[in-house]
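Down below is the structure, laid out as structure tokens.
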Amino acid sequence: MEGLTKIDDLGKPRVVIVGGGFGGLELAKALAGAPVQVVLIDKQNYHAFQPLLYQVATAGLDEGDIVAPFRKILSTQENFYFRLAEVMAVNTADQVVETSIGRVRYDYLVLATGATSNYFGDAEMAKNSIAIKSVEDALELRNTVLSNFEQALQLGDREQLNSLLDFVIVGGGPTGVELAGALSELRKHVFPKDYRELDFKEMDIHLVQSGPVLLKGMSANASQRALESLQQFGVQVWLNARVKSYDGYTVTLSTGQQLITRTLIWAAGVTGAPISGLRADCLLPGNRYGVDDFNRVLGYDHIFAIGDIAAMRSPDYPEGHPMVAQPALQQGRLLGQNLSRLLAGQPLQPFRYHDKGAMATIGRNHAVADIKLFGREYHLQGFLAWVAWSIVHVVSLIGFRNRLMVLLSWTWSYFSFDKGLRYIIGKTKASLVEADVDGKAIV
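Under my numbering, the first residue of the sequence shown is numbered 9, with each subsequent residue one higher.
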């Protein structure tokens, strides 16, 4: 077949995995002993631990602490092959995927493309805000925050100054809550030392949530404790409020309130990241592929989807499982076993999600956790929840080095009240603020 990318043919069924997130990577590992050739395709050559992206964005961790190269992770797996490429389309008739480096043949295709930020059709919001879905996003946010303060030192106009010091976070889920808490810690312990000429009493942190509670999906106790803690830290929380528009300077809320900021962080929702080529009727609301109990895409025998891109509907989950790490990990693990069963002519095992609960950290010594163990649910808060959150996240990181570096960084930050990674390298969100010779802002 013309245009095929060069990949050694092992004479075994080829499983092509598109996307190396939690689900895709777990599937590749689960197929280590299977009589198949595993080909992972991703536009990055590393796996990123997304739950800690906000710590990269707020100078708490280095980006290298939360990423691990695919080739290193699976270096001992002899049936594993990796290709750095972007997948544009699937040709189901020829059983190939069209990529930026050519066509890749498959016997079984697994879509693990994850999710992307959902701006609900607002192009202006997509252009002017900063999301936090990738390492690049996290670095851009960190660079922008620090660049804002460097620019603020040159300004005399109070409104323009506040536009650089103030931040608006849209979305009261774990990412939004954790970002708000981290920024409040920086405002209290770090920024006043670095930028002594600025008055950080003028720095406002706004968290805008469209619903009546924070951390929707967690217990009422966790939601209320998160709200109280953020308010204690000086975060202004706007409940039952939506952002109607943002032009890069003025945020207009559904309540009529207007906020001024150069930095709006979008954490308000995600949508699936599908690939063209599959029938339109298998794509459900939210841009997620409808799948059966074995993660097969509806209407296809040799194409599967796992993780955020997969919507496995059931009475307990009428819209599909939560778009978080645990369903992806569990689906990837079971699909690896099921593909081995399929090749052996054995019956497949249906997927059943085991909900282990949810956690969110709010700041130093403050967190909430709903933990499900042995059929019971435990609600933790405060210091105990913060320790539990820290342990779970360190253990979940890939590789001893990453675990060690994160543990050391957190230990240093805890005792020194410092975030040591406050440097600007790479892209920032462009600011239109300049200063004239009198020190007045020109927009």
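The C-beta atom is built at its ideal place from N, Cα and C for all residues, glycine as well.
None of the values given here were measured: they were computed from a predicted structure.
* **Own chain partners of Lys-380 with C-beta closer than 7 Å, once the 5 adjacent residues on each side are dropped** => For the purposes of this step, residue 380 is taken as the residue at position 372 of the sequence shown. Cβ neighbours of Lys-380 beyond the five flanking positions: Asp-363, Lys-364 and Gly-365.
* Asked: From Gly-68 to Leu-392, what distance separates their C-alpha atoms?
  -> Here the question's residue 68 lines up with position 60 in the sequence shown. Here the question's residue 392 lines up with position 384 in the sequence shown. Rounded to the nearest angstrom, the two C-alpha atoms are 21 Å apart.
* Roughly how far, in whole angstroms, is the beta-carbon of Met-367 from the beta-carbon of Ala-336, given that I think they are within contact range, below 8 Å? -> Taking the first residue of the sequence shown as position 1, residue 367 is located at position 359. Taking the first residue of the sequence shown as position 1, residue 336 is located at position 328. Not really, about 17 Å apart at Cβ, beyond 8 Å.
* Keeping to the same chain, check which residues put their C-beta closer than 6 Å to that of Ala-42; ignore five residues upstream and five downstream. => Indexing the sequence shown from 1 puts residue 42 at position 34. Contacts found: Ser-348.
* **Backbone secondary structure at Ile-450 - three-state DSSP** => Here residue 450 refers to the residue found at position 442 of the sequence shown. With a pLDDT of 38 at Ile-450, under the threshold of 50, the modelled position of this residue cannot be trusted; read the value that follows with caution. Of the three classes helix, strand and coil, the one that applies to Ile-450 here is strand, per DSSP.
* Asked: Within this structure, are the beta carbons of Val-26 and Val-75 separated by less than 8 Å?
  -> Here residue 26 is taken as the residue at index 18 of the sequence shown, counted from 1. Here residue 75 is taken as the residue at index 67 of the sequence shown, counted from 1. Contact: no.
* Quick one: does Ala-139 have its CB under 8 Å from some CB of chain C? -> Absent here is chain C; the protein component of the structure consists of one chain.
* Quick one: using the 10 Å Cβ neighbour count with 16 as the cut-off for buried, is Thr-183 buried or exposed? => Sequence index remark: in the sequence shown, residue 183 carries index 175 (1-based). It is buried - the Cβ of Thr-183 has at least 16 other Cβ atoms within 10 Å.
* Mind listing, in chain order, the continuous beta strand (DSSP E) runs of no fewer than 3 residues lying wholly within the region 208-234? => 213-216
* Own chain residues within Cβ distance below 8 Å of Glu-495, not counting five before or after -> There is simply no residue 495 to check, as the chain begins at 9 and stops at 451 in what is shown.
* Since Glu-144 sits in a beta bridge, which residues does DSSP pair it with? -> To locate residue 144, count along the sequence shown from 1; it is residue 136. DSSP lists no partner for Glu-144.
* So Gly-315 packs on Gly-31, CB below 8 Å; how close in whole Å? -> In the sequence shown, residue 315 corresponds to position 307, counting from 1. In the sequence shown, residue 31 corresponds to position 23, counting from 1. Going by Cβ atoms, the distance from Gly-315 to Gly-31 rounds to 3 Å, so yes, they are a contact pair.
* **Outcome for Lys-135 when other beta-carbon atoms lying within 10 angstroms are tallied against a minimum of 16** => Position 127 of the sequence shown, counted from the first residue, corresponds to residue 135. Its Cβ having fewer than 16 others within 10 Å, Lys-135 is exposed.
* C-beta contact flag for Ser-424 and Arg-270 at 8 Å -> Looking up residue 424 in the sequence shown gives position 416. Looking up residue 270 in the sequence shown gives position 262. Going by C-beta atoms, Ser-424 is not nearer than 8 Å to Arg-270.
* Residues bridged to Leu-119 (per DSSP) -> As a working mapping, residue 119 is identified with position 111 in the sequence shown. Partner(s): Val-26 and Ala-313.
* Asked: beta strand (DSSP E) containing Pro-77: first to last residue?
  -> The sequence position of residue 77 within the sequence shown is 69, counting from 1. That run of the beta strand (DSSP E) goes 75-77.
* **From Gln-85, Glu-86, Leu-187 and Asp-115, residue whose alpha carbon lies closest to that of Val-98** => Along the sequence shown, read from residue 1 onward, the residue named residue 98 stands at position 90. Checked all of Gln-85, Glu-86, Leu-187 and Asp-115; the closest Cα to Val-98 is Asp-115.
* Taking C-beta to C-beta, are Tyr-62 and Ile-140 nearer than 8 Å? -> In the sequence shown, counting from the first residue as 1, residue 62 sits at position 54. In the sequence shown, counting from the first residue as 1, residue 140 sits at position 132. Yes.
* Would you mind working out which of Phe-312, Gln-159, Glu-158 and Glu-94 sits nearest Ile-49, comparing C-alpha positions? => Position 41 of the sequence shown, counted from the start, is the residue given in the question as residue 49. Of the candidates Phe-312, Gln-159, Glu-158 and Glu-94, the one whose C-alpha sits nearest the C-alpha of Ile-49 is Glu-94.
* Asked: Who pairs with Arg-360 in a beta bridge, going by DSSP?
  -> For the purposes of this step, residue 360 is taken as residue 352 along the sequence shown, with counting starting at 1. None; Arg-360 has no bridge partner.
* May I ask which residues mark the beginning and end of the alpha helix (DSSP H) holding Leu-337? => Sequence index remark: in the sequence shown, residue 337 carries index 329 (1-based). Membership of Leu-337 in the alpha helix (DSSP H) is indicated by the continuous run 333-351.
* Asked: So Leu-5 and His-55 are in contact, right, with Cβ under 8 Å, and what is the actual spacing, rounded?
  -> No answer is possible for residue 5: it lies beyond the span of the chain, which begins at 9 and ends at 451.
* To do: Quick one: using the 10 Å Cβ neighbour count with 16 as the cut-off for buried, is Gln-338 buried or exposed?
  => On the sequence shown, position 330 is the one that residue 338 refers to. Its Cβ being crowded by 16 or more others within 10 Å, Gln-338 is buried.
* To do: Counting only the same chain and skipping the five closest in sequence on each side, list residues whose C-beta sits under 6 Å from that of Ser-108.
  => Position 100 of the sequence shown holds residue 108. Excluding sequence neighbours, Ser-108 sits near Ala-93 and Glu-94.
* Identify, in the order they occur along the chain, each residue of the same chain with its Cβ nearer than 7 Å to the Cβ of Ala-276, setting aside the five sequence neighbours on each side. => Against the sequence shown, residue 276 aligns to sequence position 268. Cβ within range, chain order: Val-178 and Gly-179.
* When burial is assigned at 16 or more other CB atoms within 10 Å of the CB, is Arg-360 buried or exposed? -> Taking the sequence shown and counting its residues from 1, the one referred to as residue 360 is at position 352. The residue in question, Arg-360, is exposed, as its Cβ has fewer than 16 Cβ neighbours within 10 Å.
* May I have the straight-line CA-CA distance separating Tyr-203 from Gln-58, to the nearest angstrom? => Position 195 of the sequence shown, counting from 1, holds the residue named residue 203. Position 50 of the sequence shown, counting from 1, holds the residue named residue 58. Between Tyr-203 and Gln-58, the C-alpha separation is close to 30 Å.
* Between the region 416-430 and the region 194-203, do at least 3 Cβ pairs fall closer than 8 Å? -> yes
* To do: Indicate the three-state DSSP secondary structure (helix, strand or coil) for Ala-139 in the structure shown.
  => What you label residue 139 is simply residue 131 of the sequence shown in a count that begins at 1. Reduced to three states, the DSSP call for Ala-139 is coil.
* **Where Met-331 falls, given that 16 or more other Cβ within 10 Å makes a residue buried** => Indexing the sequence shown from 1 puts residue 331 at position 323. Classification for Met-331: buried.
* To do: Consult DSSP for Asn-87 and reduce its assignment to one of helix, strand or coil.
  => Here residue 87 corresponds to residue number 79 of the sequence shown, with the count starting at 1. Here Asn-87 sits in coil by DSSP.
* Measure the beta-carbon distance from Leu-187 to Thr-66 and round it to whole angstroms, keeping in mind my assumption that it falls under 8 Å. => As a working mapping, residue 187 is identified with position 179 in the sequence shown. As a working mapping, residue 66 is identified with position 58 in the sequence shown. Rounded, the Cβ-Cβ distance is 7 Å, consistent with contact.
* Count the other CB atoms, across all protein chains shown, that sit within 10 Å of the CB of Lys-14; report buried if there are 16 or more and exposed otherwise. => Translated into positions along the sequence shown, residue 14 becomes position 6. The residue is exposed, with fewer than 16 neighbouring Cβ atoms inside 10 Å.
* Asked: If you run the structure through DSSP and keep just helix, strand and coil, what is Tyr-297?
  -> Position 289 of the sequence shown, counted from the first residue, corresponds to residue 297. If DSSP states are grouped into helix, strand and coil, Tyr-297 belongs with the strands.
* Asked: Within 10 angstroms of its Cβ, does Ala-288 collect 16 or more other Cβ (buried), or is it exposed?
  -> The sequence position of residue 288 within the sequence shown is 280, counting from 1. Only exposed fits Ala-288, as fewer than 16 other CB atoms lie within 10 angstroms of its CB.
* **Burial state of Arg-384 (16 or more Cβ within 10 Å)** => Here residue 384 refers to the residue found at position 376 of the sequence shown. Exposed, by the Cβ-count rule.
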